[in-house]
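Numbering (the working numbering), first residue to last: 1 to 117.
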Amino acid sequence: MSQEKGKGFGFGLGKIKELQEAFKKAQQVQAGAQQLQEELEKMGIEGYSDEAKLVTVIISGNQEPRQVIISPDAMNNDPNALSELVTMAMKDAYNKSTETMREKMEVLTSGLNLPGM
């Protein structure tokens, strides 16, 4: 199994340039991902228990809990109902932060044709 002269390892000049471009794009995505991580950390995403906003949960874009705000009207509920309001607000904030991350990742990786993105 000898290689023909001039064939090297099967990488032509065009393949090397493609590889260099791929590395360049990967470095750009890595830098963008770090910037995105910092941006998400500074965000405050609000989730609500209901339209009346009896309970508000605020989390970062990285889904770190920041604050829970319980309105005086929510305090009129029994403990189980109040717990349910807090849970609904947490789920709303979580869903909003997940959607925000997904949208920002799509922008970051657009044009890269990454599988699964």
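Note that the Cβ used here is the ideal one computed from N, Cα and C, for glycine as well.
Quick one: grab the DSSP three-state call for residue i.
i	result
Gln67	strand
Gly47	strand
When the Cα atoms are used, what is the spatial distance from residue i to residue j?
i	j	result
Leu85	Glu39	29 Å
Lys42	Pro79	32 Å
Pro72	Ala22	56 Å
Ile69	Gln20	51 Å
Gln35	Gln27	12 Å
Ser83	Asn77	9 Å
Glu103	Ile16	32 Å
Tell me whether residue i is buried or exposed, calling it buried when 16 or more other Cβ atoms sit within 10 Å of its Cβ.
i	result
Ile107	According to the sequence shown, residue 107 is Val rather than Ile. The residue in question, Val107, is exposed, as its Cβ has fewer than 16 Cβ neighbours within 10 Å.
Leu54	buried
Ala74	buried
Which whole-angstrom value is the C-beta distance of residue i and residue j, which I expect to be below 8 Å?
i	j	result
Met90	Gly47	6 Å
Gly44	Thr100	No, Gly44 and Thr100 are not in contact; Cβ-Cβ is about 11 Å, not under 8 Å.
Determine the contact status of residue i and residue j, defining contact as a CB-CB distance below 8 Å.
i	j	result
Ala81	Val57	no
Asp50	Met88	yes
Val29	Thr109	yes
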